[in-house]
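First residue of the sequence shown? That's 0 in numbering that gives the first Met the number 0, and the numbers climb one at a time after it. One structure below.
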Amino acid sequence: MIERTTEAWLTDMDGVLVHEGTALPGGPEFIKALRDKDLPFLVLTNNSIFTPRDLRARLAYSGIDVPEQNIWTSALATAQFVADQIPNGSAYAIGEAGLTTALHQAGYTLTDADPDYVVLGETRTYSFEAITKAIRLITDGARFICTNPDVTGPSQEGLLPAAGSVAAMITAATGRQPYYVGKPNPVLFRSALNLIGAHSESTAMVGDRMDTDILGGMEAGLETFLVLTGSTSAGEVEKYPFRPSHVMKSIADIVELV
């Protein structure tokens, strides 16, 4: 049972609520229970490709009804972070609509002429030309930000290189490490808590990855639930030096705890 009173919930999306466009057992029921009880919640994702509107539509197609304002992406957290650091600044962005829209909404100008930041996000097709431009701008003094540290992402054909892999390439060329805003950085979790007016002492995080969801949730002071419907198997949990608060077969086992 839950050890603390849970008044707000954060949950990962892929591997917890959905898998390749199909709702996982308990996913629709979990979100419905949160909405029926009017509990503060956010769906968190390191995927910076899509806007919240896009993700709402994708979730709705799988039968999960999540309002746009209840989706928080690494792109939104990154845009908020750079705007807090340098208000109304400029960035050279490698990414798709999720990232560029978030930066625009945060008051940022997108440019390749002496930007304050190079912001690397996820994209379906990384351009060697864009990566070369990023390397040159960072070498010339632009600050290096990456939306998330994931080195691979899933596809129907198999693994794809993700932002973390491309960031490693840029680091090798420049000697400059990026600042990663997405999970497991507690910055993303704190920004999510602030968005819904929740406190770490009474908020739980549900995820399928020990190295992002559970690690970040733990470091942000949240109660953590690992579900075994995604990246981490039961046997792999023991390999980590930290533990989730709870291990569940799926989010279906958490619905009754809401």
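From the three backbone atoms N, C-alpha and C, an ideal C-beta is built for every residue, glycine too. A quick note: this is a predicted structure, and the numbers were derived from the prediction, not measured.
Three-state secondary structure assigned by DSSP to residue i
{"i": "Phe143", "result": "strand"}
{"i": "Val150", "result": "coil"}
{"i": "Pro185", "result": "helix"}
{"i": "Leu159", "result": "strand"}
{"i": "Met0", "result": "Confidence at Met0 is low in this model, with a pLDDT of 44, below 50, so the placement of that residue should be treated as unreliable; the coordinate-derived value is given next. Three-state result, Met0: coil."}
{"i": "Thr108", "result": "strand"}
{"i": "Ala229", "result": "Note that residue 229 is Gly in the sequence shown, not Ala. In the structure shown, Gly229 sits in coil (DSSP, three-state: anything other than H, G, I, E or B)."}
{"i": "Met168", "result": "helix"}
{"i": "Ile253", "result": "coil"}
{"i": "Thr124", "result": "coil"}
{"i": "Asp113", "result": "coil"}
For residue i: DSSP bridge partner residues
{"i": "Ala92", "result": "Val118"}
{"i": "Met217", "result": "For Met217, which the question treats as bridged, DSSP gives no partner whatsoever."}
{"i": "Phe258", "result": "Since the first residue shown for the chain is 0 and the last is 257, residue 258 is missing from the structure and cannot be characterised."}
{"i": "Ala7", "result": "Thr202"}
{"i": "Tyr178", "result": "Ile144"}
Rounded C-alpha distance that separates residue i from residue j
{"i": "Gly220", "j": "Ser201", "result": "9 Å"}
{"i": "Arg135", "j": "Ala172", "result": "9 Å"}
{"i": "Lys238", "j": "Gly106", "result": "43 Å"}
{"i": "Glu222", "j": "Asp212", "result": "11 Å"}
{"i": "Asp64", "j": "Asp115", "result": "38 Å"}
{"i": "Ala82", "j": "Pro185", "result": "18 Å"}
{"i": "Gly229", "j": "Phe127", "result": "31 Å"}
{"i": "Met209", "j": "Ser244", "result": "11 Å"}
{"i": "Gln84", "j": "Arg142", "result": "11 Å"}
{"i": "Ala96", "j": "Ile253", "result": "33 Å"}
{"i": "Thr231", "j": "Asp13", "result": "12 Å"}
{"i": "Ala22", "j": "Leu214", "result": "25 Å"}
{"i": "Glu67", "j": "Ser154", "result": "24 Å"}
{"i": "Gly26", "j": "Ala203", "result": "16 Å"}
{"i": "Asp11", "j": "Asp111", "result": "33 Å"}
{"i": "Tyr125", "j": "Met168", "result": "12 Å"}
{"i": "Gln104", "j": "Gly88", "result": "12 Å"}
{"i": "Ala32", "j": "Gly120", "result": "33 Å"}
Segment limits, alpha helix (DSSP H) that includes residue i
{"i": "Ile70", "result": "Counting along the chain, Ile70 falls outside any alpha helix (DSSP H), though it belongs to the beta strand (DSSP E) covering 70-72."}
{"i": "Gly196", "result": "Unbroken run through Gly196: none, as it is neither H nor E."}
{"i": "Ala133", "result": "127-138"}
{"i": "Gly234", "result": "233-236"}
Extent of the continuous beta strand (DSSP E) run through residue i
{"i": "Leu43", "result": "40-44"}
Just list the alpha helix (DSSP H) runs in the stretch 14-65, keeping only unbroken ones of 4 residues or longer that don't cross its boundaries, in chain order. 26-35, 51-60
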